[in-house]
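Structure first, commentary second.
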Amino acid sequence: MTIVWNAQRVSEGLAEIDSARGVVLANIKKLLDEYHGVEKSTRFYDILLGDWVERYLHLVYVASQQYAIGEQNSEFRPKSIAIKPTRDTAEFFEAHQVLPDLMLATLQVVSFLGTDSVRVVDDQVTITNSAVRGWRDAIGAVVLKLASLGTKPKIVFVKPFSGRTPRAWVSALISWRRWARQDDFNFSISLRSKIDAKWRHKNLGSVSTDTKLGEIANALVAAFLPVCALEGFVEFKAKVDEARPKRFEHVYSAQALWTHFAFKVLVAEWCEQGRPSREMLTRRQRFMIR
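For the sequence shown, my numbering begins at 28 and goes up steadily by one.
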């Protein structure tokens, strides 16, 4: 089974994927600005959904290549397709076993029969904070919280280590408690949201075999946007803001935190307000957003 992160297929189209990224992000900004009635910067959406856009483009690219290769050889032509958007980015990444087949079938249906043959499932879904931690890290978090009582740190570390946090790091943060703290934003969030199938279907577009990658991705993105970024975003953001009202001047992480949507919401909003710098060490590069 070809998965979203098919390294061989994706590596063949990196230039095309990179070229399409800005086009898709601009379209998502337009769609979400209109849906929420509030205009945000491109940087806001890049922080919020940039990782998701890249993986979504990987998915579309692999599916479009399979579609182009198998168009003349395959007799399988689905007459309709049902799409249930993922609740959040974590669920999207975890669905790599089924999403490639779903995207390929969607391309076939939309290309041959148009968007009327696409049904977006209008279920009620539950959105939660996707961040989790082990019991040892939970104990460490309590210790650090108690140690920092009465202090006003300006720097927050979010998941500075992959895996379990070393004891030496906990000791270091106790020493640094006046100016720094660690907060992995693992607070509890749970809300119910109904998928807006009508809006999603209305914003689907047509595709053809000679359509560019960015155009294909934009034509279908309304059906695949995570519910946490669309229907549930306003309530989710309100709960996140309530859980962490304090703004920090600097946010540092040593991980990309692809699926930690609460983290992305907070940092995107803080950067939108011009408050913190965000420094993040990813697998590819270390960068600063001011």
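The C-beta atom is built at its ideal place from N, Cα and C for all residues, glycine as well.
Bear in mind that the values here come from a model prediction, so they are computed numbers and not experimental data.
Environment of residue 269 [buried if 16+ CB atoms lie within 10 Å]: exposed
Beta-carbon contacts of residue 108 that lie in its chain and below 6 Å, excluding the five residues immediately before and after: The residues are 132, 133, 136, 145.
Candidates 89, 73, 110, 121: closest to residue 225 by CA position: 110
Reference residue 63, options 264, 297, 245, closest by Cα: 264
Close Cβ partners of residue 174 (< 8 Å) along its chain, the five nearest in sequence each way excluded: 200, 201, 204
Sequence ranges, beta strand (DSSP E) only - wholly within the segment 138-200, length at least 3: With a minimum length of 3 residues, the continuous beta strand (DSSP E) runs that stay inside the segment 138-200 are 145-147, 151-155, 182-184.
DSSP three-state assignment for residue 253, whether helix, strand or coil: Correct three-state label for residue 253: coil.
For residue 209, three-class secondary structure by DSSP: strand
Residue range of the beta strand (DSSP E) that includes residue 108: 108-110
Counted within 10 angstroms of its Cβ, other Cβ atoms place residue 193 as buried (16 or more) or exposed: exposed
Distance CB(residue 278)-CB(residue 75) smaller than 9 Å: Cβ distance not < 9 Å, so residue 278 and residue 75 don't count as in contact.
Option nearest residue 233 by Cα separation, candidates 218, 220, 222, 250: 250
Cα-Cα separation between residue 154 and residue 176, rounded to whole angstroms: 31 Å
Cβ-based burial, residue 172 [other Cβ within 10 Å; buried from 16]: exposed
Residue 285 and residue 139 closer than 9 Å at C-beta: no
Residue environment, residue 383, which counts as buried when at least 16 other CB atoms sit within 10 Å: Because the chain here runs from 28 to 317, residue 383 falls outside it and cannot be looked at.
Closest Cα partner of residue 228 within the set 248, 95, 89, 275: With respect to the C-alpha of residue 228, the residue from 248, 95, 89, 275 having the closest C-alpha is 248.
Candidates 241, 288, 243, of which the one nearest residue 254 by Cα: Ranking 241, 288, 243 by Cα distance to residue 254 puts 288 first.
Helix, strand or coil at residue 284 [DSSP, three-state]: coil
Unbroken alpha helix (DSSP H) run spanning residue 46, endpoints: That run of the alpha helix (DSSP H) goes 41-63.
Sub-9 Å separation of residue 88 and residue 43 beta-carbons: Cβ distance < 9 Å, so residue 88 and residue 43 count as in contact.
Top-ranked residue by Cα proximity to residue 151, from 106, 217, 211, 157: The shortest Cα separation from residue 151 among 106, 217, 211, 157 belongs to 217.
Residue of 156, 97, 252 minimising C-alpha distance to residue 24: Here the chain comprises residues numbered 28 to 317, so residue 24 is not present and cannot be evaluated.
Contacting residues, own chain, Cβ-Cβ under 7 Å from residue 295 (five flanking each side not counted): 71, 74, 75
Spatial neighbours of residue 322 in its chain, beta-carbon cut-off 7 Å, leaving aside the 5 residues before and after: The displayed coordinates of the chain run from 28 to 317. Any statement about residue 322 would go beyond what the structure contains.
Residue 37, buried or exposed, once every other Cβ within 10 Å from all chains shown has been counted against 16: buried
Own chain residues within Cβ distance below 6 Å of residue 45, not counting five before or after: none
Residue 259 beta carbon less than 9 Å from that of residue 215: no
Same chain, Cβ closer than 8 Å to residue 142, five either side skipped, listed in chain order: A distance below 8 Å between beta-carbons, with the five flanking residues on each side excluded, links residue 142 to the following residues of its chain, in chain order: 228, 231, 232, 233.
Expected contact under 8 Å - CB spacing of residue 281 and residue 187 to nearest Å: Yes, residue 281 and residue 187 are in contact; Cβ-Cβ is about 5 Å, under 8 Å.
Backbone CA spacing between residue 299 and residue 272 [nearest angstrom]: 15 Å
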